[in-house]
Amino acid sequence: MQTSSTGVSRTRQVVAAVIGNALEWYDFIVYGFLASIIARQFFPSDDEYASLLMALATFGVGFFMRPVGGVLLGMYSDRKGRKAAMQMIIRLMTVSIAMIAFAPDYLAIGMAAPLLIVVARMLQGFATGGEYASATAFLVESAPAHRKGLYGSWQLVGQCLAVFSGAAMVALVTHWCSPEALDSWGWRIPFVLGLLIGPVGLWIRKHMEEPEEFVEARRQAKGQSPSLWQVLREHRRSLLVSMGLACGATVSFYVVLVNMPTFAHKNLGLPLDQVLLVQMLAVGLMTVVIPLSGALSDRLGRRPVLMAFTLAFFIMVYPLYVWVAAAPSVERLLVMQLLLCTAIGGFFGPAPTALAEQFPVEVRSTGVSVAYNVAVMVFGGFAPLIVTWLTKVLGTPVAPSFYVLFACLLTLLGTYCLKEAPRAGKPTTFNLGVKP
């Protein structure tokens, strides 16, 4: 009876983290998919390319706030608990979604319109900055010792659900709305629907339980929490290794997943609704691969699995971009995205747990927040802007692959240097349920 109760409790913990995390990322993803439309509504310009760059720059502005939110919310999580931090985060994200969903456009209020979008994006960045570390620490600390890789992988399953649902919503409104209706009001529908999910996520997180591992660490620390300076001074190697790990993950996420619909539509001339359908299929496959590779890392270790899939991605990305650019078609794009998303999913599975294991429990949320959000701000937040600029300057549609290759090299270095946590003796099966 006790085992069953524990299994139900752990299942509830995972569901709470995954659903809340999916909501956190849904709005970020929808903004990326609708960047070209938002550009026309809030950043009007005689030059369509300049207008798109402004919208993508605003996408990146939110990432300036991520390290700030990551540090403050990470420290709050380490001091007050994972549950308290995750509840605060979902409240902030709900407010930011509402600001974008109901923002008047440039024609209605002039320069106040883009300013309102920038403020909303900064608030999103602050909230999302604390989400990854808090949710990852929560899942890993809730897991049985022999299934930490599997449990941690569900964090990124939440992100995939956000990409999948975001692509589905944008595909539907793009298909059913006329171009005039889409520009006028249709683009707001995905944001409004995301806003409706907020109270559900808040209710779910209100009924979470603090992980026993975290509670025990706080008891032994007698309520004292290390300062940020102490984390930076005593865990420099872990911070650098974690930034290397996060670099390739964040660049591949924003280039291959978030920016691809805009890129394929604008640069390759493919229909947006069909591109989004391709994206949904590829992300669906990736969602299956992630927990499988997380479970595999519980058997083989984090480093071998991370290294294998990063190398596979590194080898495939440039030839696939060249192949699709040579004769753009939905069919070729589908093959490319299925292959790349399989490799990304294989890396994503062990990555959250590998990051968490670089830091002790008492500073885990702060340490992961700093490393992850600095990497995301520097390499990921402006990835759509960078690849759009590279494509324009270099005059080739394969330009995004150059940026991805650079990020992969940093990730390979970080993977080689990461600290492997000792694996539990109990063998791990490939049962993807979360009961022990």
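Numbered by the numbering used here, the letters in the sequence shown go through residues 41 to 476 in order.
Every residue gets a Cβ at the ideal spot worked out from N, C-alpha and C, and that includes glycine.
Within 8 Å, strictly: CB atoms of residue i and residue j
i	j	result
P230	S182	no
I78	W227	yes
Q2	G386	One cannot answer for residue 2 here, as it falls past the ends of the chain, which runs 41 to 476.
L235	T168	no
V281	C457	yes
V111	S409	yes
Y318	V370	The sequence shown places Val at residue 318, not Tyr. It is a contact, given that the beta carbons lie within the stated cut-off.
M356	L380	yes
R122	S76	no
D338	K459	no
F103	V345	no
V455	G192	Note on identity: in this sequence residue 455 is Thr, with Val being the wrong assignment. No.
L212	R131	no
F178	M126	yes
V180	A396	yes
T431	N307	yes
A160	L285	no
T382	L325	yes
V433	V295	no
L190	G334	yes
E253	V58	no
S117	S405	yes
V427	N299	yes
E256	Q53	no
Neighbour-count burial assignment, residue i, 16 or more Cβ in a 10 Å radius
i	result
M151	exposed
I237	buried
H247	exposed
S267	exposed
V474	With a pLDDT of 48 at V474, under the threshold of 50, the modelled position of this residue cannot be trusted; read the value that follows with caution. Looking at its Cβ environment, which holds 16 or more other Cβ atoms inside 10 Å, V474 is buried.
V403	buried
R545	The requested residue 545 is not part of the displayed model; the chain covers only 41 to 476.
R50	buried
I149	exposed
W483	No statement about residue 483 is possible, as the shown extent of the chain runs from 41 to 476 and does not include it.
F73	buried
W194	buried
R258	buried
G109	buried
Same chain only: Cβ atoms within 6 Å of residue i, ignoring 5 sequence neighbours per side
i	result
F388	L196 and I330
P365	The amino acid at residue 365 is misidentified as Pro; the sequence shows Ala. So the list reads P437 and V438, once near-sequence residues are dropped.
L15	The requested residue 15 is not part of the displayed model; the chain covers only 41 to 476.
A411	L279, S282 and M283
V315	P301, A304 and H305
P107	N413, V414 and M417
Y358	S441
M105	M162, G165 and F166
L113	A125 and G170
L156	A143
L5	Residue 5 lies beyond the stretch modelled for the chain, which goes from 41 to 476, so this question has no answer here.
F353	A383
P362	Checking the sequence, you will find Val at residue 362 rather than Pro. So the qualifying residues of the chain are V438.
L63	I237 and G241
M347	T455
Y172	Y412
A221	none
Residues near residue i in its chain [Cβ-Cβ closer than 8 Å; skip 5 each side]
i	result
V55	I244
M320	F204, A207, A208 and A211
T327	V197, C200, L201, F204 and G385
R372	W363 and V364
Neighbour flag for residue i against chain C, beta carbons, 8 Å
i	result
G165	Looking at the structure shown, chain C is missing, and only one protein chain is on hand.
Residues near residue i by beta carbon distance below 7 Å, same chain, minus five either side
i	result
T350	G288, F387, C448, T451, L452 and T455
G309	P368
A153	F82, A143, P144, D145 and Y146
R343	T455, L458 and E460
N61	E171, A175, Q195, G198 and Q199
S45	For S45, the predicted structure reports a pLDDT of 43, less than 50, and the residue's modelled location is therefore unreliable. The matter cannot be settled from this model.
Contained alpha helix (DSSP H) runs [length at least 4] in the region 342-369, N- to C-terminal order: The region 342-369 contains these whole alpha helix (DSSP H) runs: 342-366.
Taking three-plus beta-carbon pairs below 8 Å as touching, is the region 199-211 in contact with the region 137-157? At 8 Å Cβ cutoff, the stretches do not touch.
Determine, using beta-carbon pairs with one atom in the region 417-435 and one in the region 274-292, whether at least three such pairs fall under 8 Å. A contact exists between the region 417-435 and the region 274-292.
Counting Cβ pairs closer than 8 Å, one from the region 61-71 and one from the region 155-173, do we hit at least three? Verdict: yes, contact present.
For the region 224-261, which segments carrying the beta strand (DSSP E) assignment without a break, of at least 3 residues, lie completely within its bounds, in sequence order? Within the region 224-261, no complete beta strand (DSSP E) run reaches 3 residues.
Could you pull out every unbroken alpha helix (DSSP H) segment of at least 4 residues lying fully inside the region 277-326, listed in chain order? The qualifying runs are 300-306.
Within the region 186-226, note down every full alpha helix (DSSP H) run reaching 4 residues or more, in order along the chain. Entirely contained in the region 186-226, the alpha helix (DSSP H) runs reaching 4 residues are, in chain order, 188-216 and 219-224.
Sequence ranges, alpha helix (DSSP H) only - wholly within the region 415-467, length at least 4: The qualifying runs are 423-434 and 439-457.
Pick out the complete alpha helix (DSSP H) segments inside the region 133-190, 4 residues or longer, and give them in chain order. Counting only runs of 4 or more, we get 146-149 and 152-182.
Mind pulling the alpha helix (DSSP H) runs of 4 or more residues that sit fully within the region 62-87? Taking only runs of at least 4 residues, the alpha helix (DSSP H) segments lying wholly in the region 62-87 are 75-82.
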